[in-house]
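> Residues 90 to 287 (the working numbering) make up the sequence shown, in order.
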Amino acid sequence: MVNVGILRSQNVIKAFLDVDRANFILPWHKEEAYEDHPLSIGHNQTISQPTTVAFMLELLGVEPGNAILDVGSGSGWTTALLGRLVGKTGRVFGVERIPELVAFGNKNIEKYNTWNNISIAQSGKKLGLEERAPFDRILVSAAATKLPHLLVDQLKQGGVLVIPIGNAIHKITKLFNEEVRDETYEGFTFVPLIVNES
């Protein structure tokens, strides 16, 4: 991924070296851990392919000390990667709607929770984690049909949301006048983001 220019930042490269994808997949997929494609983690969900995760993390531009929300944390891989990026002064809150994956993800992140700064919780009825907002960065690993303004509302001013919408990845920056800047990158596929309407 470094050779093809997807991984560029030293901190993201180091996070990928530190956090082994093989520790976040089902046992029968172990021989595929380092292949560049999504893998099933059960419950009709997948762990994203490494190039997609690398691309999204580069867009997110995580800084040490950031408070980050990881929506659709699944296996916990992105939560653990983000934990490495924020360092010991940062905090990462993963949310996942499927109880079995909450347990799976929390088990998987244990060995990477060096600073006790990452966790995965059952998502509530509303999208995101309003009680911990505002966040410096929000990463979403499932495709929305439109921009969820509830997540934009949970960003700090100047914060960044990286989210798939349809078959494109969007980098949403919350500007200081409450407007947003949207940068769009086409050509990706994700499982759908499930949003409770109640």
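All C-beta atoms, glycine included, are put in the ideal place defined by N, C-alpha and C.
Using CA coordinates, which residue listed in 170, 223, 257, 213 is at the minimum distance from residue 245?
For the purposes of this step, residue 245 is identified with residue 156 of the sequence shown, where counting begins at 1. Taking only the C-alpha atoms, the option nearest residue 245 is 223.
> With a threshold of 8 angstroms, are at least 3 pairs of Cβ atoms found where one atom belongs to the segment 237 to 254 and the other to the segment 121 to 138?
Contact fails: fewer than three Cβ-Cβ distances are below 8 angstroms.
> Let me know the secondary structure DSSP gives residue 244 once reduced to three states.
Position 155 of the sequence shown, counted from the start, is the residue given in the question as residue 244. DSSP places residue 244 in strand when its eight states are reduced to three.
> Excluding the 5 residues preceding and the 5 following residue 144 in the sequence, name in chain order all residues of the same chain whose CB lies nearer than 6 angstroms to its CB.
Looking up residue 144 in the sequence shown gives position 55. Result list for residue 144: 95, in chain order.
> Where do the ends of the beta strand (DSSP E) carrying residue 136 lie?
Your numbering for residue 136 matches position 47 in the sequence shown. Per DSSP, residue 136 belongs to the beta strand (DSSP E) from 134 to 136.
> Based on Cα-Cα distance, which residue from 279, 183, 249, 256 lies nearest to residue 268?
As a first step, residue 268 must be located in the sequence shown, where it is residue number 179. The shortest C-alpha separation from residue 268 is found at 249.
> Please report the straight-line C-alpha distance between residue 108 and residue 199, rounded to a whole angstrom.
Within the sequence shown, the letter at position 19 stands for residue 108. Within the sequence shown, the letter at position 110 stands for residue 199. For residue 108 and residue 199, the distance between alpha carbons rounds to 12 angstroms.
> Quick one: which unbroken beta strand (DSSP E) runs of 3-plus residues sit fully inside the segment 197 to 259? Chain order, please.
Qualifying beta strand (DSSP E) stretches, in chain order: 207 to 211, 224 to 229, 244 to 254.
> Are the beta-carbon atoms of residue 164 and residue 197 separated by less than 7 angstroms?
By one-based count along the sequence shown, residue 164 stands at place 75. By one-based count along the sequence shown, residue 197 stands at place 108. Going by C-beta atoms, residue 164 is nearer than 7 angstroms to residue 197.
> Quick check: residue 148 and residue 260, are their CB atoms within less than 7 angstroms of each other?
Position 59 of the sequence shown, counted from the first residue, corresponds to residue 148. Position 171 of the sequence shown, counted from the first residue, corresponds to residue 260. Yes, the Cβ-Cβ distance between residue 148 and residue 260 is below 7 angstroms.
> Assuming contact is defined by CB atoms lying nearer than 7 angstroms, are residue 173 and residue 104 in contact in what I supplied?
Stepping through the sequence shown from its first residue, residue 173 is reached at position 84. Stepping through the sequence shown from its first residue, residue 104 is reached at position 15. Their beta carbons are under 7 angstroms apart, which means residue 173 touches residue 104 by this criterion.
> Between residue 154 and residue 178, how many whole angstroms is the CB-CB distance? I'm expecting something under 8 angstroms.
By 1-based counting over the sequence shown, the position of residue 154 is 65. By 1-based counting over the sequence shown, the position of residue 178 is 89. At roughly 4 angstroms, the Cβ-Cβ gap stays under 8 angstroms, so residue 154 and residue 178 are in contact.
> Jot down the residue ranges of each uninterrupted beta strand (DSSP E) in the segment 143 to 201, minimum 3 residues, whole runs only, in chain order.
If we require 3 residues or more, the beta strand (DSSP E) runs fully inside the segment 143 to 201 come out as 156 to 160, 180 to 185.
> Considering just the uninterrupted stretch of the beta strand (DSSP E) at residue 271, what are its terminal residues?
Here the question's residue 271 lines up with position 182 in the sequence shown. Taken as a continuous stretch (DSSP letters only), the beta strand (DSSP E) holding residue 271 covers 269 to 275.
> Can you say whether residue 142 is buried or exposed, counting buried as having 16 or more other CB atoms within 10 angstroms of its CB?
Residue numbering aside, residue 142 sits at position 53 when the sequence shown is read from its first letter. Counting Cβ neighbours within 10 Å, residue 142 comes out buried, since at least 16 surround it.
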